[in-house]
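Quick note, the sequence shown lines up with residues 18 to 210 if you use the numbering used here.
Ideal Cβ placement from N, Cα and C applies to all residues, glycine included.
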Amino acid sequence: MTNLLFIRHAQTDLAGTFCGQSDPNLSEIGLSQLPNLLERLAPHAIDAVYTSDLRRARETAESITYARHIPLNLTPELREIAFGDWETLTWETIEQRDPTYAARWVAEFPNLPTPNGEPITQFRQRILNALYDLRQKAATTNIAVVTHAGVLRVLLEEFGHFSPHHAWERTRDYTCIVHCTQTSPESTLVIQP
18 MTNLLFIRHA QTDLAGTFCG QSDPNLSEIG LSQLPNLLER LAPHAIDAVY TSDLRRARET
78 AESITYARHI PLNLTPELRE IAFGDWETLT WETIEQRDPT YAARWVAEFP NLPTPNGEPI
138 TQFRQRILNA LYDLRQKAAT TNIAVVTHAG VLRVLLEEFG HFSPHHAWER TRDYTCIVHC
198 TQTSPESTLV IQP
């Protein structure tokens, strides 16, 4: 049995905004979250780390690989969904700028993308393809995956049969960890409580 640990990156100064493929560094708060993350990961075997190539994920992943002297693998497919014209905006700003589209987006979610954003079906397929590849890599080794809340929600909904609300609750904290196990790449991915 091998372990896959999926980790949400630490906090940035864009917390509270639509920060999809924008690329901020970790904030001072985010940097202060890393020692606690390393402590929570201490009981787990990790042989390699795969990460989104966005700075907030990469910087979080580097803290793990540096502490353990293990390889870091940049994986652009693990990026967050692209929010298009809404990148770096708060919901309040979005509602003020375009209340009609904002109301429509809420009513039609997840079928309506953000303006010039990545459609959810395209995002989900990108993430499922990346997860398939990671499961193949984890067939013989324990890996950690540092990524984004949206990616973790796809994982929980697809493999854990979480409702969208429950998946959001499970992933809203920065540096949260979702621990999965599998006995083979073809076996069911089991999400631990």
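Around the beta carbon of Trp108, a 10 Å sphere encloses fewer than 16 other beta carbons of the protein chains shown; the residue is thus reported as exposed.
Below 8 Å, too few C-beta pairs join the region 46 to 64 and the region 111 to 119 to call them touching: fewer than three. For Tyr83, DSSP assigns no beta-bridge partner whatsoever.
Counting only residues of its own chain and dropping the five nearest sequence neighbours on each side, Thr200 has a CB closer than 6 Å to the CB of Met18. Between Ser44 and Asp30, the C-beta spacing is below 8 Å. Where Ala120 is concerned, the enclosing alpha helix (DSSP H) starts and stops at 116 to 125. Under DSSP, Val195 shares a beta bridge with Phe23. Annotation: the continuous beta strand (DSSP E) that includes Ile160 extends over 160 to 164.
Counting only residues of its own chain and dropping the five nearest sequence neighbours on each side, His196 has a CB closer than 6 Å to the CB of Leu22, Gln209. Put simply, the backbone Cα of Pro88 is about 8 Å away from that of Tyr67. Per the coordinates, the alpha-carbon of Thr205 lies some 32 Å from the alpha-carbon of Gly134.
If you ignore the 5 residues before and after Pro132, its C-beta comes within less than 6 Å of the C-beta of Gly101, Asp102, all in its own chain and listed in chain order. Bridge partners of Ile46 according to DSSP: none are assigned.
In this structure, DSSP gives Ile208 an extended state, which the three-state scheme calls strand. Counting only residues of its own chain and dropping the five nearest sequence neighbours on each side, Thr92 has a CB closer than 6 Å to the CB of Tyr67.
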